[in-house]
Amino acid sequence: MAALRRLYPRLVAQQRYLTGRRDIGGGGLAAIVHPWESGLDNSPAWDTPLAAVPADESVMRAYRRHDTAHADAAHRPTDLDYARYVALVDSYRAGRYRDDGLLGRHPFLVECPLVNAALGVAEYALARIATVVGADPCPHRDRAARITEALVTRLWDPVAGTFRPRDVRTDRLVGPRTVLGLLPLALPDLPEPQVRAVLAEACSPRFGLAARMDRPLPTHDRTAPDFEPLRYWRGPSWVNTGWLLWQGLRTHRRVDLAAGLRESLLDLVDGAGCHEYFHPDTGAGLGSPAFSWTAALVLDALAEG
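Numbered according to this note's numbering, the sequence shown spans residues 5 to 309.
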């Protein structure tokens, strides 16, 4: 109880910052200023907005990349990717990490489906915490509903039948079909038309979700010409995104699909160990061979078995 009382106002403050100061587009969603904030560093979802970031890969000569000392360079983001990451860090630092005026000076501002779905889910968690610490849970539930409505309004692509990021600078939906489009399923009050469409997308040959899966869930459309089964977020399977989708399936009572995905995730670790990510066809372990994030989520999945 004491820990929750101490943490609660700090968690609320973080939510208020993201849903307030970071609502650059004015539509009720938070914008990320760097792909790293999404967790999916080099996802194809960011290719279009990143292409507008001025960068020269020769800048990387000034840095030593430690990631390629632990993994094959062919499995990691390119030097040009990293040059753009550095450019975005320099840009945000040049503005003293302030968020006012970002639209006029920062080259990457994107509303991410996962980040905003997480904000909505966090409000529901804060509502539960509020009941424990004696605060009013209703404002959190109201904010969760508003975030869900804004996410559908701004990030739903009715033609593709999936969620897509919005480039705030161009005010356009961008990016190919990636696992990001599936993860708003974690929101319990996602409208039924979007639930049905996301499930159809997840079960399509692009992602292969099924009650009995023959291959792991990829992070990018496996039918796309730029699908890369070995390169970081451009195809490989990750337990963390699979776990988030598993939670969404359980939330919307698709126990058959949830069971199939859980079994697939556990099979990855049973066969290859707690790797950072995995080959989306063979299940071979990639990246770090001892990744605590993978281990923690596997323990959670086992506890819910």
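Note that beta-carbon positions come from the ideal geometry of N, C-alpha and C, so glycine has one too.
- Here Trp160 is bridged, per DSSP, to Phe167.
- For secondary structure counted as the alpha helix (DSSP H) over 4 or more consecutive residues, the segment 200-281 holds these complete runs in sequence order: 243-255, 259-276.
- Here the C-alpha atom of His79 lies approximately 45 Å from the C-alpha atom of Val136.
- Counting the other Cβ atoms within 10 Å of the Cβ of Ala87 gives 16 or more, which makes it buried.
- Going by beta carbons, Gly275 and Gly264 fall outside the 7 Å limit.
- If you compare the alpha carbons of Arg257, Leu269, Ser62, Asp146 with that of Leu189, the shortest gap goes to Arg257.
- For Val199, same chain residues with a beta-carbon under 8 Å away, outside a window of 5 residues either side, are Leu189, His256 in chain order.
- No Cβ-Cβ contact shorter than 7 Å links Glu205 with Gly246.
- DSSP places Leu189 in no alpha helix (DSSP H); its state is neither H nor E.
- Contact between Glu127 and Arg158 does not hold, since the beta-carbon distance rounds to 17 Å and is not under 8 Å.
- If you keep only unbroken alpha helix (DSSP H) runs of at least 4 residues inside the segment 108-138, you get 117-137.
- Distance from the Cα of Ala148 is smallest, within the candidate group Arg20, His224, Asp94, for Arg20.
- Within 10 angstroms of the beta-carbon of Cys142 lie fewer than 16 other beta-carbons, which makes it exposed.
- Between Phe282 and Pro229, the CB-CB gap reaches or exceeds 7 Å.
- Around the C-beta of Thr227, fewer than 16 other C-beta atoms lie within 10 Å, and the residue is accordingly described as exposed.
- Within the same chain, Cβ atoms closer than 7 Å to the Cβ of Asp171 are found at Thr52, Pro53, Val114, Val178, the five residues on either side in sequence being excluded.
- In the three-state DSSP reduction, Ala17 falls in the helix class (H, G or I).
- Ala35 is bridged by DSSP to Glu115.
- Close CB contacts of Asn244 within its chain, under the 7 Å cut and outside five residues either way in sequence, are with Trp297, Leu301 (chain order).
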